[in-house]
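>
Protein chains: 2
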Amino acid sequence: METRHRVVIVGGGFGGLYTAQALKRAPLEVTLVDRRNFHLFQPLLYQVATGGLSPGEIASPLRGVLNRQRNTRVLLGEVVGFDVVGRRVLLSDGEVPYDTLVVAAGARHHYFGHPEWEALAPGLKTIEDATEIRRRVFLAFEAAERETDPELRRSWLTFVIVGAGPTGVELAGALSEIARHTLREDFRNIDSRDARIVLVEGTDRVLPPYRPDLSRKAARALARLDVAVRTGAVVTAIDPDVVTLRAGERTEQIRTRTVLWGAGVQASPLAALLARAAGAETDRVGRVLVAPDLSVPGHPEIFAIGDMACFTHQMGTALPGVAQVAMQQGRYVARLVQARLADRTLPSFRYRDRGSMAVIGRGAAVADLGLVRFNGHLAWLAWLFIHLLYVVEFENRLLVLMQWGWNYFTWNRGARLITGPSPLPLRAGP
Amino acid sequence: METRHRVVIVGGGFGGLYTAQALKRAPLEVTLVDRRNFHLFQPLLYQVATGGLSPGEIASPLRGVLNRQRNTRVLLGEVVGFDVVGRRVLLSDGEVPYDTLVVAAGARHHYFGHPEWEALAPGLKTIEDATEIRRRVFLAFEAAERETDPELRRSWLTFVIVGAGPTGVELAGALSEIARHTLREDFRNIDSRDARIVLVEGTDRVLPPYRPDLSRKAARALARLDVAVRTGAVVTAIDPDVVTLRAGERTEQIRTRTVLWGAGVQASPLAALLARAAGAETDRVGRVLVAPDLSVPGHPEIFAIGDMACFTHQMGTALPGVAQVAMQQGRYVARLVQARLADRTLPSFRYRDRGSMAVIGRGAAVADLGLVRFNGHLAWLAWLFIHLLYVVEFENRLLVLMQWGWNYFTWNRGARLITGPSPLPLRAGP
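Chains as they are written, first to last, in this note's numbering: chain A, 1 to 430; chain B, 1 to 430.
Here is the structure:
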């Protein structure tokens, strides 16, 4: 038993977790290392950021998910490097030897050379990001209620979202619903419906990775929700009370106290560490260029998958950084490892695009399932159904569905708590 | 309409919220000031601290709770003082004039002259307290799993709870269930059932405010859960890796990395500010001594209620700091204010003790409802029913009940997330 093949997986996101689960019955010794103790269902993170769901409803403890898988152990640890010669993963407080290594460490936001923007325009990747955004959004309404200067009040009620990918579109739609419905009766000095939501996108349309007709439908749904969309506009400066945009020759300044970032992502720093250790190349956003079987070139025993891998062998361009890719890659690597142990071979990895979807608001979504494309209520229901299907634990699925149903019929968002360090005073002076 | 009587309520806990709600139909202008934007159902906070419930499930946004009450506005603000001559509440960023003032600012923990213990032994009063305790508890198991030294591992698996009031007893019972059931399959290097839970109490029995026979039953239930109870023992020192107790002549040192505080409470600092401004007296734990009608002596227009008030006119001793007292006092003050406006008088406040309860674990609780006392499953169901009845929003009630049902049948606690700043590395060195 001591000589079992050791598979070490770094990261408990979609890629890592699906690898581990697909190795369930294999005669291997699997170790999953993550610095967090839970798997996070990132596609619903925007619901936490907008008070619709609680963190516990979209996160599942990794140990709980994997505890009945007897060949697998979970390690809470921070990976700080890779020794590819000695075949060890280096942790901040130890090391883990491997025979096969799967690195699935995901991605973080990217501020295009402006790291100073991070404090002013938080992105949405972690539970802490989500509660911070929730805090800023609901504090902005509180500050507006307290503010007497109409100019300043208006800037508190202006929300700028940078990037009109799925996350940006979802945030913009949810913010609009909060302003127009959820908070409508809550204030006495302001009308929350006066809130202005601006969605900024550098390319010429919202949801740029989707087909143009779906982008058009999404733009129309956003317009119905009173979201002001600025396409072909790039952010040139972010200050505490103003965002500066440039669209062609034109410059626009938007006075706002709340900027949210959904624009760029880059691979986890572990991608660079792995590439350096293994002598591999990385692309423009730091992803490891992988071979057709997802291994790191020259190292058949090392795989990089998910958002931190750049796989170009199928479409010429890299596969998108979405959960479906990570999940399929995880399952492929699990099959490949088992095939190798049985002296079988496997054809190269092929991504089967099951389509893309984005939700814009209550009953409004767009879906492109390859042969069929649809929008409106049907797409929204499909989106809901598919997302619930993939929420990892049955219990969470039920709670999310209940919350959703309740929120749908009441427009309520009961989890709109402002937590963390005291935000007071909201303004200076008497 | 401009001349409506202005009632300002400080604090959105049980006292303040029930005052505001009882003024619903009164021809008054009500302002509720709180520095948090939500009402917190404190009696279930220990469930958040132990991963059974999520913060959003036991908190309700104050604006949401009060938004249909048209005579009431909510103000997010930090009270920094009282001008009782000018009849103004002073905020860190403004002021609010009042005709009648109700202060219900609650209580915080109290470390008996050892403020340095706070960092080592967090108490349980806020959402942040609860997520911090949750973090420490589940990190301790993670650290034990990683630790190879048996001595240190044992100290990670030892949990000391100071104070055997309802909170201490509930925490101890929940920790025991986590160790014996929830986490049982989760680890590979440790057996979570080896965890040692020590409950320290200065008086001679657990649940000292209850009748002796209920204390005995609670002690037996704790013993069944393998909780080691140390009565007649006081904490004399808390260090990062050891707690020192003294019981009579004997001294005991317990090596532990996790100490939780459920021992002393003292009134909010606002009690002292109010007392100084109004020339009132405070008791040993900082509570304002109030008149038989809950007003501050010499100031019939100012009331202090709930955990920060000391009311001795009924039993000779002060009423306990429980939700029932605060709720009844809030309702009384609301009736008194309305009576005065109608030139009627009201008899003094009388507390109607509806009984006390504490839950020890799954199916184990004690209840003393005056005429009847019971324990076991029946008490547990009564406890559950009564608590659900008082959870403020219907939606939360449903979610809590569902979570509870799920946790009951599966022993699961899905909200056991370790959040906040990175806890890694868990130990120093390689």
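Glycine included, every Cβ here is placed at the ideal spot set by N, Cα and C.
Taking B/Leu207 as the reference, give the member of B/Thr3, B/Leu120, B/Val229 with the closest Cα.
For this step, residue 207 of chain B is matched to residue 207 along the second sequence. That would be B/Val229, whose Cα lies nearest to the Cα of B/Leu207.
> Determine the direct distance from the alpha carbon of B/Leu90 to that of A/Pro430, and round the result to whole angstroms.
Taking the first sequence and counting its residues from 1, one reaches residue 430 of chain A at position 430. Taking the second sequence and counting its residues from 1, one reaches residue 90 of chain B at position 90. Its pLDDT being 33, under 50, A/Pro430 is placed unreliably in this model, and the value from its coordinates should be taken loosely. The straight-line gap from Cα to Cα measures roughly 10 Å.
> Closer than 8 Å between beta carbons: that is the criterion. Which residues of the segment 388-407 of chain B meet it against chain A?
From the segment 388-407 of chain B, only Glu393, Glu395, Asn396, Leu398, Leu399, Met402, Gln403, Trp406 have a Cβ closer than 8 Å to chain A.
> Is B/Thr256 near B/Thr167, with beta carbons less than 9 Å apart?
Indexing the second sequence from 1 puts residue 256 of chain B at position 256. Indexing the second sequence from 1 puts residue 167 of chain B at position 167. It is not a contact, given that the beta carbons lie outside the stated cut-off.
> Please report how far the alpha carbon of B/Glu147 lies from the alpha carbon of A/Ala22, in whole angstroms.
In the second sequence, counting from the first residue as 1, residue 147 of chain B sits at position 147. In the first sequence, counting from the first residue as 1, residue 22 of chain A sits at position 22. Spanning the two alpha carbons is a distance of roughly 29 Å.
> Quick test of the definition: if touching needs 3 or more C-beta pairs under 8 Å, does the segment 14-33 of chain B touch the segment 235-245 of chain B?
Verdict: no, contact absent.
> Please return the same chain residues whose Cβ sits closer than 7 Å to the Cβ of A/Asn407, not counting the five positions on each side in sequence.
For the purposes of this step, residue 407 of chain A is taken as the residue at position 407 of the first sequence. So the qualifying residues of the chain are Gly52, Arg413.
> Taking a cut of 8 Å between CB atoms, which residues from the segment 271-295 of chain A lie near chain B?
Here the close residues number zero.
> Could you compute how far the alpha carbon of B/His39 sits from the alpha carbon of A/Tyr210?
In the second sequence, residue 39 of chain B corresponds to position 39, counting from 1. In the first sequence, residue 210 of chain A corresponds to position 210, counting from 1. Approximately 43 Å between the Cα atoms of the pair.
> Give the list of continuous beta strand (DSSP E) stretches no shorter than 3 residues that lie fully inside the segment 183-239 of chain A.
Qualifying beta strand (DSSP E) stretches, in chain order: 196-200, 227-230, 234-239.
> Are any of the Cβ atoms in chain A nearer than 9 Å to that of B/Ser176?
Along the second sequence, read from residue 1 onward, the residue named residue 176 of chain B stands at position 176. Not one chain A Cβ lies under 9 Å of B/Ser176.
> Which residue wins for smallest C-alpha separation from B/Thr182, given the options B/Arg416, B/Leu426, B/Glu116, B/Ala309?
Counted from its first residue, the second sequence places residue 182 of chain B at position 182. For B/Thr182, the nearest C-alpha among the options comes from B/Arg416.
> From B/Ser92 to A/Val160, what does the alpha carbon distance come to, in whole angstroms?
On the second sequence, position 92 is the one that residue 92 of chain B refers to. On the first sequence, position 160 is the one that residue 160 of chain A refers to. Looking at the two C-alpha atoms, the distance is approximately 29 Å.
> What are the start and end residues of each continuous alpha helix (DSSP H) run of 4 or more residues lying completely inside the segment 250-337 of chain A, in chain order?
You should have 269-278.
> Do the segment 2-20 of chain A and the segment 294-306 of chain A meet, that is, are 3 or more Cβ pairs less than 8 Å apart?
Yes: the two stretches touch, three or more of their Cβ pairs being nearer than 8 Å.
> With contact counted as at least three CB pairs below 8 Å, one residue from each stretch, are the segment 266-284 of chain B and the segment 135-147 of chain B in contact?
These segments do not touch.
> Please report whether the beta-carbon of B/Leu28 lies at a distance below 9 Å from any beta-carbon of chain A.
Start at 1 with the first residue of the second sequence, and residue 28 of chain B comes out as number 28. No, B/Leu28 lies away from the interface with chain A (no Cβ there is under 9 Å from its Cβ).
> Which ranges does the beta strand (DSSP E) cover as unbroken runs of at least 3 residues, wholly within the segment 369-421 of chain B, from first to last along the chain?
372-375, all fully within the segment 369-421 of chain B.
> Taking the alpha carbon of B/His5 as the reference point, which residue from B/Ile197, B/Asp99, B/Leu260 has its own alpha carbon closest?
Taking the first residue of the second sequence as 1, we reach residue 5 of chain B at position 5. Answer by Cα proximity: B/Asp99.
> In whole angstroms, give me the CA-to-CA distance for B/His377 and B/Ala364.
For this step, residue 377 of chain B is matched to residue 377 along the second sequence. For this step, residue 364 of chain B is matched to residue 364 along the second sequence. Approximately 6 Å between the Cα atoms of the pair.
> Which same chain residues, not among the five before or five after A/Met1, have their C-beta less than 8 Å away from its C-beta?
One-based indexing of the first sequence puts residue 1 of chain A at position 1. Its pLDDT being 48, under 50, A/Met1 is placed unreliably in this model, and the value from its coordinates should be taken loosely. No residues qualify anywhere along the chain.
> Contact check, B/Val102 vs B/Val33 under 8 Å by CB: the rounded distance?
Translated into the one-based positions of the second sequence, residue 102 of chain B becomes position 102. Translated into the one-based positions of the second sequence, residue 33 of chain B becomes position 33. The pair is not a contact, with the Cβ atoms about 10 Å apart (cut-off 8 Å).
> Span of the beta strand (DSSP E) holding A/Thr3?
As a first step, residue 3 of chain A is located in the first sequence; it is residue number 3 there, counting from the start. No beta strand (DSSP E) holds A/Thr3; DSSP gives it neither H nor E.
> Give the secondary structure of B/Val48 by DSSP, where H, G and I count as helix, E and B as strand, and everything else as coil.
Taking the first residue of the second sequence as 1, we reach residue 48 of chain B at position 48. The answer is helix: DSSP assigns B/Val48 an H, G or I state.
> Any C-beta of chain A sitting closer than 9 Å to the C-beta of B/Val74?
Numbered from its first residue, the second sequence carries residue 74 of chain B at position 74. Taking Cβ atoms only, chain A reaches closer than 9 Å to B/Val74, which makes this a yes.
> Within this structure, are the beta carbons of A/Leu260 and A/Pro122 separated by less than 9 Å?
In the first sequence, residue 260 of chain A corresponds to position 260, counting from 1. In the first sequence, residue 122 of chain A corresponds to position 122, counting from 1. Contact: yes.
> Taking 9 Å as the threshold (C-beta atoms), are B/Ala174 and B/Gly405 in contact?
By one-based count along the second sequence, residue 405 of chain B stands at place 405. By one-based count along the second sequence, residue 174 of chain B stands at place 174. No, the pair does not count as a contact, with Cβ atoms beyond the cut-off.
> Measuring alpha carbon to alpha carbon, tell me which residue in A/Gly77, A/Glu170, A/Asp226 is nearest A/Val366.
The residue labelled residue 366 of chain A in the question sits at position 366 within the first sequence. If we check each option's Cα against that of A/Val366, A/Glu170 comes out closest.
> Alpha carbons only, please: which of A/Gly330, A/Ala221, A/Arg344 is nearest the one belonging to A/Val10?
Residue 10 of chain A sits at position 10 when you count from the first residue of the first sequence. Ranking the options by Cα distance to A/Val10, first place goes to A/Gly330.
> Please confirm whether B/Ser54 has its beta-carbon closer than 9 Å to some beta-carbon of chain A.
Along the second sequence, one-based indexing puts residue 54 of chain B at 54. Taking Cβ atoms only, chain A reaches closer than 9 Å to B/Ser54, which makes this a yes.
> Give a yes or no on whether the C-beta atoms belonging to A/Val235 and A/Val162 are separated by under 9 Å.
In the first sequence, the residue the question calls residue 235 of chain A occupies position 235. In the first sequence, the residue the question calls residue 162 of chain A occupies position 162. Contact: yes.
> For the alpha helix (DSSP H) containing B/Glu141, name the first residue and the last one.
In the second sequence, residue 141 of chain B corresponds to position 141, counting from 1. It is Phe, not Glu, that sits at residue 141 of chain B in the sequence shown. Start and end: 127-146.
> Keeping to the same chain, check which residues put their C-beta closer than 6 Å to that of B/Pro292; ignore five residues upstream and five downstream.
Translated into positions along the second sequence, residue 292 of chain B becomes position 292. Same-chain partners within the cutoff: His313, Ser348.
> Output, in sequence order along the chain, the residues in the segment 183-213 of chain A whose CB is closer than 9 Å to any CB in chain B.
Within the segment 183-213 of chain A, the residues whose Cβ lies closer than 9 Å to some Cβ of chain B are Leu183, Arg184, Glu185, Asp186, Phe187, Arg188, Asn189, listed in chain order.
> Find the residues of chain B that neighbour A/Glu142, judging by a C-beta separation of less than 8 Å, and give them in chain order.
Taking the first sequence and counting its residues from 1, one reaches residue 142 of chain A at position 142. Going along chain B in sequence order, the residues near A/Glu142 (Cβ under 8 Å) are Asn37, Leu76.
> Using a Cβ cut-off of 8 Å, pull out every chain B residue sitting near A/Leu426, in sequence order please.
Indexing the first sequence from 1 puts residue 426 of chain A at position 426. The contacting residues are Leu76, Gly77, Asp93.
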